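If you want the working numbering, it's the 1-based position in the sequence shown plus 876.
Presented below is the structure to which this report refers.
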Amino acid sequence: MNNVSKSSGVSRLDTPTLGPMYVQNDLIVKDRNILNELDNLHKSMLLLPRNQKLEDKFPELKEAYDSYIDLYRGLLIADKMANIHD
């Protein structure tokens with residue numbers, strides 16, 4: 877059985893098993909919101925911003941970006957399909 881204790885407004889959850897843990901509230905570690913940190917990492921690492929001025933100047937850049945987006949969408953679909961069977 878899970879043991880939840882509170883002291884000084886901080887919750888502690890002791891789990892004896894290694895099963896999934898679901899958190900309904902914001903997860904803050906050292907004053908940093910973990911979901912915001914993950915969102916920022918995702919944005920900076922996976923989705924490069926489109927630069928219209930450079931694409932106008934270099935048409936091959938637009939083609940490369942379009943290919944990148946198509947590949948990224950394919951990876952998202954493949955990931956979702958893989959997670960359906962988990």
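Note that the Cβ used here is the ideal one computed from N, Cα and C, for glycine as well.
These numbers were taken from a predicted model, which means no experiment stands behind them.
- Counting only the Cα atoms, LEU930 lies some 40 angstroms from LYS906.
- Pairing LEU924 with TYR944 gives a Cβ-Cβ distance under 8 angstroms.
- For ASN927, the secondary structure class from DSSP, reduced to helix, strand or coil, is coil.
- For ASN959, the enclosing alpha helix (DSSP H) stretches over residues 935-960.
- Sequence-distant Cβ neighbours of LEU937 in its own chain, meaning closer than 6 angstroms and more than five residues away, are LEU930 and GLU931.
- Judged by DSSP in its simplified three-state form, ASN909 adopts strand.
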